[in-house]
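The structure appears right after this line, and notes come after that.
Residue numbers (our numbering): -17 to 712.
Next comes the structure, spelled out in structure tokens:
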């Protein structure tokens, strides 16, 4: 059983306890806490994962605090839906409020990893059901009847035999004094009884978003606020030597210009110059037109994408630095195979490129550093600020703003510590806002990766041998952030003779998690190469994959369950009309991937004109994320968004390094998918007897290989390196 499974479903029933208290002025407050004894067995991240905070006021308003950052994944709507349905109230009576960082009241205030659904599904439902049970108990006591004779509906407790009823608001104060029921005694709703779960619920912030009301960090305005930009060395890790601060300070609108000394961690405060003005454009103009800095660029200045590729080719010819996993004898199996394919695959560094650039507002006053930040990990940000500025964490107050995209970028809090360090020098609030160029050139990039692959198929069409020499980035046997590959990566367990080797290239470029980290690149290489093996052995790509999935052996640990993926792959092929006749230079490609506990298979149809113009015509997606889709509207949106994100990455996105610095700067040379390029994405979910899991990430990885496999079907040209825009398709 995985940790996510331990923290969801029936396994959680004795691991949580409810704290219930009365509200001043009438009403009740419900908080869900993790049992301390169980918490001691978990990692800090797991122990910090679960808390609910619900209030029912005397006027029948149910307020549910959104403790986690909302980054567009829908968690601010989805988690309250779970509570509200089991509480048995109408959604229109629910108010959702964003909580600030408060580790005394809440636990696990982070966003990332598609953890929310799996870790909260049962505990949130239990919190709602507990409130409902206590309200029923209060009504039964008042009426002198058995609780079992009462029922609830739309925020009202009914005693049908006597015709009595009472709204929750009238019962809430009394309910707060009732004994808290044991989780084992709770009656949770059956799926057929759901009124909110499983229905299309628009996002709670939608109206504010479309009417332009302030929600995001970039919207923050405070009285007397100044605006800042921060210039860092274009070479990662470079140190400041000197700068013309006096000239900058004399520029129109500029109030302050000063240097900050940073450390060596690329995730913390780095050396730089802050330019602070009475408006952001003045600060930006002074930096661009006046500021001159001498930098000591450091050792990363010798690194480049060209050198990385050359070194990877050299390492591929040498014995691997480490073997991550080996089954059977891959070399012997490959030597004896009927069909052997050898291919080298590459995917580049890419940027997160969120619509909202990094920003943070900070105010140092009365011994408190008050921060308004669009952070996925505000608790880590608070710790970073405290350590950097020599403050106690109790001196730092963080307000969570809605996040205008992140995809993993805002797991790091460099922009937060920059804003705090600047604010520490000023008597008024300051908003730090990065330019798009700052955002592109100071990212924590999805690592590039090199896969040197060999595969063998026997005369009966079975995949019998597999060897992957994976060349990535790191130091010794330690991979750089998000640059690793799992020992259980598919097709491990599905081929009898399997070896996964790895070698490392030293790296001074910062890397980090990007939507479906690891999988977003690895799936391209693995699923494209599997397609090559299918064609080389004369087999249909879908049937070859189904046959491979059916051959899984060994005990399932953290890898993919082939029996769950088979119906997903079969259904997407059926849905797309796999095998039907298509026009000339139009092809279908298929791919599947398991990541973040989600099972997804996708078919892409693409057309390549005789002049080489590529059109993605249509995409079909089928996923298995468990027995319940909590919010179908959001689930479809998340799946479509992740799929199109994968297509966008494959088509044109790449970050190249020259002289230790990023060459791309904005959307003219880092091209995102345009609306006119976005094809229809048809989504379907298969329900399986498994606890629900998340959706922010697992639909992305199959998209790039499915598109590249479609290009091969249309043209006979095999894409072995991304982005596709670097290839001639004529």
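All C-beta atoms, glycine included, are put in the ideal place defined by N, C-alpha and C.
query                                                                                                     : result
Cβ-based burial, residue 313 [other Cβ within 10 Å; buried from 16]                                       : exposed
DSSP three-state assignment for residue 223, whether helix, strand or coil                                : strand
Segments of 3+ residues assigned as beta strand (DSSP E) that fall wholly inside the stretch 315 to 385   : 321 to 329, 341 to 347, 350 to 355 and 378 to 382
Helix, strand or coil at residue 516 [DSSP, three-state]                                                  : helix
Range of the contiguous beta strand (DSSP E) that encloses residue 577                                    : 568 to 577
Whole-angstrom distance between residue 187 and residue 693, CA atom to CA atom                           : 39 Å
Three CB pairs or more closer than 8 Å across the stretch 101 to 111 and the stretch 56 to 65             : yes
Residue 289 (DSSP reduced to helix, strand or coil)                                                       : helix
Beta carbon of residue 668 nearer than 8 Å to that of residue 586                                         : no
C-alpha gap between residue 474 and residue 527, whole angstroms                                          : 14 Å
When 395, 684, 299 and 98 are compared against residue 249, the one with the closest alpha-carbon         : 395
Coil, strand or helix - residue 139 by DSSP                                                               : strand
Euclidean distance between Cα positions of residue 316 and residue 449                                    : 9 Å
Rounded separation between residue -6 and residue 202 - CA only                                           : For residue -6, the pLDDT reaches just 40, beneath the cut-off of 50, and the residue's location in the model is therefore unreliable, leaving the point undetermined.
Pick from 605, 120 and 55 that is closest to residue 10, judged by C-alpha positions                      : 120
Nearest neighbour of residue 97, chosen from 76, 55, 212 and 71 [CA to CA]                                : 55
Bounding residues of the alpha helix (DSSP H) (the contiguous stretch that carries residue 102)           : 98 to 125
Segment limits, alpha helix (DSSP H) that includes residue 620                                            : 614 to 634
Neighbourhood of residue 696 by C-beta, 7 Å cutoff - its chain only, sequence neighbours within 5 removed : 567, 568, 569, 588, 589 and 590
Whole-angstrom distance between residue 378 and residue 717, CA atom to CA atom                           : This structure leaves residue 717 out entirely; the chain is present only between -17 and 712.
Contact belief for residue 388 with residue 53 at Cβ below 8 Å, rounded distance in angstroms             : 5 Å
Reduced DSSP secondary structure (H/G/I, E/B, other) of residue 708                                       : helix
Residues near residue 306 in its chain [Cβ-Cβ closer than 6 Å; skip 5 each side]                          : 469, 482 and 484
Inter-residue Cα distance where the pair is residue -17 and residue 100                                   : Model confidence at residue -17 stands at a pLDDT of 37, short of 50, so the residue's coordinates are unreliable and nothing is read from them.
Residues near residue 675 by beta carbon distance below 8 Å, same chain, minus five either side           : -14, 96, 99, 100, 578, 579, 580, 607 and 608
Residue 208: first and last residue of the uninterrupted beta strand (DSSP E) it sits in                  : 208 to 214
Residues near residue 293 in its chain [Cβ-Cβ closer than 6 Å; skip 5 each side]                          : 487
Same chain only: Cβ atoms within 7 Å of residue 421, ignoring 5 sequence neighbours per side              : 339 and 340
Integer-rounded CB distance, given that residue 427 should sit under 8 Å from residue 333                 : 6 Å
Segment contact flag, the stretch 319 to 328 with the stretch 431 to 443, C-beta cutoff 8 Å, min 3 pairs  : yes
Residue burial classification, residue 1 (beta-carbon count within 10 angstroms, cutoff 16)               : exposed
Per DSSP, cross-strand counterpart(s) of residue 241                                                      : 255
For residue -4, three-class secondary structure by DSSP                                                   : Legend: pLDDT at residue -4 = 42, less than 50; position of this residue unreliable, value from coordinates given subsequently. Three-state result, residue -4: coil.
Cβ-Cβ distance between residue 505 and residue 684 below 8 Å                                              : yes
Beta-carbon proximity of residue 632 to residue 548, cut-off 8 Å                                          : no
Option nearest residue 502 by Cα separation, candidates 571, 630 and 612                                  : 630
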